[in-house]
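Residue numbers (this note's numbering), protein chains in the order written: chain B, 1 to 165; chain L, 166 to 928. Here a beta-carbon is modelled for each residue, glycine too, at the ideal position from N, C-alpha and C. Here the structure is a predicted model, which means the values were calculated and not measured.
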């Protein structure tokens with residue numbers, strides 16, 4: 001297991017500089033936590049335990065507080081994800097519009113349960129809280145881009161294209 | 166005239182600033198509105214949506230609406246209703262939602278009989294379950310030896326995390342996730358680190374957090390006998406409610422005292438009681454490890470007393486009246502008596518009693534400037550809660566100590582050697598702005614008698630409202646200080662030194678162990694016979710010729726004098742009993758249908774033993790005379806158990822301000838000595854197994870980089886060498902060795918003295 005200092009070694013210096021800039025600009029160091037987590041996730045893919053401790057150390061927060069944030073915000077990843085990321089909304093409107101069957105179908109195609117890395121690192125599929133696209137339900141986030149009217153055919157096509165790339 | 170609002174047409178009085186739920190609870194009307202997340206110490210949150218009431222506005226513009234009573238400020242003339250069907254439906258529906266994921270494991274749940282969820286569900290009228298899908302489940306965590314978690318029972322009221330983080334300042338417990346996956350716990354499995362973790366079992370309205378120690382000898386709460394008791398593990402005097410049944414003490418809970426411990430109790434207070442079942446606890450009379458009958462022990466003691474060579478030793482661990490009885494018996498025999506075996510401790514107690522009346526913990530929570538000297542919060546953990554409360558109100562905190570403390574990040578730090586405390590206190594007092602309420606919290610060990618004396622002088626020049634709280638681990642330090650006026654300890658020791666006393670009748674004392682100066686007593690142990698009345702298997706008990714079994718605090722009655730100078734009485738909760746697996750007709754005529762034979766254990770209350778000895782020695786009359794005289798002089802009016810307590814009069818306190826000015830002696834040596842305190846460390850709690858399993862590693866603590874050695878060899882005052890492994894503590898003051906108080910006592914040194922050490926390098 002690596003120590004929090006070795007996380008700093010793994011980070012490109014540009015990311016370190018950016019993190020430090022955010023910490024300096026924040027009225028309190030704790031206030032920079034969401035930016036710190038975002039930058040760390042961009043650079044390292046996901047927030048592992050060591051990275052979490054590093055973020056806690058940088059912001060002066062207890063590690064428990066950082067984990068509270070990480071576990072509350074679904075955009076923060078605490079486990080490795082595939083090269084592409086599909087987040088399917090499962091809140092009320094999308095649920096009524098068939099999100100449930102979309103998620104089951106996604107599991108069948110990927111061959112793994114939701115949240116696991118599928119097809120040798122090609123992609124991961126996650127359920128997501130309301131995306132605010134209730135008028136276009138079922139909705140999804142495809143590599144961070146919002147998509148409405150996301151149906152079974154779109155799902156099949158998308159996963160196939162990700163698998164073959 | 167007080168203001169009122171109306172609930173279902175009935176007048177409800179309220180205080181300004183109260184919300185509707187608080188006003189109802191203050192009236193004892195907790196039957197009108199069910200609630201979960203509200204807790205008097207944690208305030209309102211509105212998370213559980215259970216305490217609905219319907220508000221009828223006084224204008225024509227707004228329709229009646231359902232609101233949460235805990236978030237609705239009480240105001241005069243407010244018209245509220247709960248008796249209508251939509252409010253009833255709301256109560257029942259919320260109850261049903263809260264019960265949606267709750268397992269039906271009530272038969273094996275420790276909360277049964279005290280379950281707020283059960284009470285409220287029945288009261289709110291939820292009967293039939295409509296939801297048919299699977300319940301959400303969690304993997305619960307292992308949270309150490311004190312608290313058990315069963316996360317599936319959670320109803321997400323957030324009481325636990327609000328208590329743990331906001332009230333107790335804990336940093337290793339939090340709330341994770343969102344939606345219906347909200348989890349309350351630690352980052353990983355492991356013991357909870359806060360000294361207040363045990364309160365989770367009390368704040369949790371259902372069985373998510375339950376008392377693991379209670380679980381081991383669990384009986385339903387309605388089977389427990391209880392009585393008003395006082396915590397015997399430090400000098401704050403928190404009020405407790407021990408629960409016992411069938412001759413066994415099973416748990417300790419907090420008992421409300423508005424000025425000391427309104428809602429919470431530290432883990433030493435909650436789990437320290439397990440010393441009463443320590444496997445080496447003395448239950449029988451023993452003469453040189455041979456079990457003897459009670460009468461034989463009394464005869465023997467009476468003979469020894471008649472020889473006129475007995476010295477009497479009391480203790481700050483025994484209560485006021487027990488020490489009085491010992492003193493009266495000593496007087497009746499014309500023998501010397503001291504409440505302390507160590508003159509340093511005696512002088513310390515006297516100086517503490519001479520201080521003006523200390524602020525209550527409630528007043529401490531209102532302080533604007535706080536100075537903490539040494540590890541006061543480790544000695545008396547419950548001091549931390551009012552300090553945190555004051556910090557939330559914006560108080561400024563200064564911390565002066567040898568070792569890092571739990572509150573370091575909340576205040577201005579002053580790291581110092583043990584000789585720096587007095588200067589730190591002086592600087593803080595001079596810088597105290599006028600008109601600010603300031604409180605000094607001091608560790609008795611860190612300051613010593615000379616330091617406390619200086620604090621008293623400093624306080625004389627400070628504005629009224631400034632108080633000093635001196636934390637000490639002995640529950641009756643103030644009471645024992647009654648007998649510490651003019652060097653009794655020194656006189657008793659002198660009588661032993663010259664051979665005038667060859668027998669010591671000791672009460673709950675541990676002179677050979679941790680009472681402060683073991684070398685003096687070790688050197689004389691061959692010529693001194695010791696008879697000891699105690700309930701702990703201490704070093705002195707091992708060495709005592711005659712062992713007399715004593716009732717522990719929950720097993721007897723008494724009065725402690727706490728740090729404020731407040732007398733508080735405790736009642737007997739239970740009589741300890743042993744169960745024999747089989748009926749033995751020689752012991753009892755009646756077998757118990759419960760499958761065993763109960764034998765009550767005959768333990769001494771010290772007063773009864775003193776009286777029995779006076780009677781056998783034919784000195785009962787003079788014993789009673791002396792006892793009455795001292796009682797009248799020192800504590801004419803004593804409160805009863807459950808009373809809020811009464812204070813010693815200032816005139817009496819003034820009598821302890823005698824002329825002797827203690828002089829600090831530091832001696833010479835490479836290192837300064839300091840005490841290292843841990844929140845579970847106290848004479849009685851040391852024999853509480855579960856709590857002790859959390860103890861930090863043993864050894865001598867010092868700043869990093871001071872030595873290459875692996876261990877330190879220190880020589881006691883009587884020439885014995887002790888080896889201590891080195892534990893480096895980052896952020897500790899340099900040139901200081903910190904040892905637990907029991908080790909310091911073993912060496913015969915006091916905090917603030919200097920010592921030389923041999924360094925043992927790695928082989």
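| query | result |
| --- | --- |
| Is the CB of residue 373 (chain L) under 8 Å away from at least one CB in chain A? | Although the question refers to chain A, the structure presented lacks it and instead comprises the protein chains B and L. |
| State whether the region 394-407 of chain L contacts the region 816-832 of chain L, with contact taken as three or more CB pairs (one from each stretch) at a distance under 8 Å. | no |
| Please report the straight-line C-alpha distance between residue 246 (chain L) and residue 557 (chain L), rounded to a whole angstrom. | 36 Å |
| Quick one: is residue 372 (chain L) buried, meaning 16 or more other Cβ sit within 10 Å of its Cβ, or exposed? | buried |
| Which word fits residue 873 (chain L), buried or exposed, when buried means at least 16 other C-beta atoms lie within 10 angstroms of its C-beta? | exposed |
| So which residues on chain L does residue 65 (chain B) lean against when the C-beta distance must stay under 9 Å? | 330, 336 and 339 |
| Please classify residue 157 (chain B): does DSSP put it in a helix, a strand, or coil? | helix |
| Using the Cβ count rule (16 or more neighbours within 10 Å means buried), how would you classify residue 832 (chain L)? | exposed |
| Count the other CB atoms, across all protein chains shown, that sit within 10 Å of the CB of residue 20 (chain B); report buried if there are 16 or more and exposed otherwise. | exposed |
| Grouping DSSP H, G and I as helix and E and B as strand, with all else coil, what is residue 725 (chain L)? | strand |
| Is it true that the region 629-648 of chain L meets the region 666-679 of chain L, where meeting means three or more beta-carbon pairs spaced less than 8 Å apart? | no |
| Could you tell me whether any Cβ in chain B is nearer than 8 Å to the Cβ of residue 305 (chain L)? | no |
| Compare the Cα-Cα distances from residue 385 (chain L) to each of L:274, L:366, L:472 and L:433 and report the closest residue. | L:274 |
| Jot down the residue ranges of each uninterrupted alpha helix (DSSP H) in the region 350-385 of chain L, minimum 4 residues, whole runs only, in chain order. | 365-368 and 377-381 |
| Using a Cβ-Cβ distance under 8 Å, would residue 184 (chain B) count as near chain L? | Here chain B comprises residues numbered 1 to 165, so residue 184 (chain B) is not present and cannot be evaluated. |
| Would you decide whether residue 363 (chain L) is buried or exposed? Buried here means 16 or more other CB atoms lie within 10 Å of its CB. | buried |
| Checking the sheet assignment: what are the DSSP bridge partners for residue 20 (chain B)? | According to DSSP, residue 20 (chain B) bridges with nothing at all. |
| Within the same chain, show all residues whose beta-carbon is closer than 7 Å to that of residue 167 (chain L), passing over the 5 residues directly before and after it, in chain order. | 178 |
| Taking Cβ to Cβ, would you say residue 109 (chain B) is nearer than 8 Å to residue 99 (chain B)? | no |
| Measure from the alpha carbon of residue 887 (chain L) to the alpha carbon of each residue in L:737, L:283, L:897 and L:923, then state which is nearest. | L:923 |
| Is residue 7 (chain B) close to chain L? Criterion is C-beta to C-beta, closer than 8 Å. | no |
| From residue 72 (chain B) to residue 343 (chain L), what does the alpha carbon distance come to, in whole angstroms? | 5 Å |
| Out of L:848, L:331 and L:201, which has the shortest C-alpha to C-alpha gap to residue 217 (chain L)? | L:201 |
| Cα-Cα, which of B:22, B:157, B:60 and B:138 is closest to residue 102 (chain B)? | B:138 |
| Flag this pair as yes or no: are the beta carbons of residue 713 (chain L) and residue 698 (chain L) separated by less than 8 Å? | yes |
| Going along the chain, which residues of its own chain have a beta-carbon closer than 6 Å to the beta-carbon of residue 285 (chain L), five neighbours each way excluded? | 199 |
| Quick one: is residue 837 (chain L) buried, meaning 16 or more other Cβ sit within 10 Å of its Cβ, or exposed? | buried |
| Taking the runs of the beta strand (DSSP E) that are 3 residues or longer, which of them lie wholly in the region 270-341 of chain L? | 312-314 and 339-341 |
| Return the residue from the list B:14, B:24 and B:159 that minimises the CA-CA distance to residue 117 (chain B). | B:159 |
| Taking contact to mean 3 or more Cβ pairs, one atom from each stretch, closer than 8 Å, check whether the region 529-547 of chain L and the region 838-847 of chain L are in contact. | yes |
| Assuming the contact rule is C-beta atoms closer than 8 Å, residue 926 (chain L) and residue 875 (chain L) should be a hit. Round their C-beta distance to whole Å, please. | 6 Å |
| Would you mind stating whether residue 508 (chain L) and residue 655 (chain L) have Cβ atoms separated by less than 8 Å? | yes |
| Let's test the definition: count the other Cβ atoms within 10 Å of the Cβ of residue 598 (chain L) and tell me whether it reaches 16, buried, or not, exposed. | exposed |
| Once you ignore the five residues that flank residue 35 (chain B) on each side, which residues in its own chain have a CB closer than 7 Å to its CB? | 22 |
| Tell me, which residues are paired with residue 696 (chain L) by DSSP? | L:670 and L:711 |
| Going along chain L, which residues have a C-beta under 7 Å from residue 62 (chain B)? | 336 |
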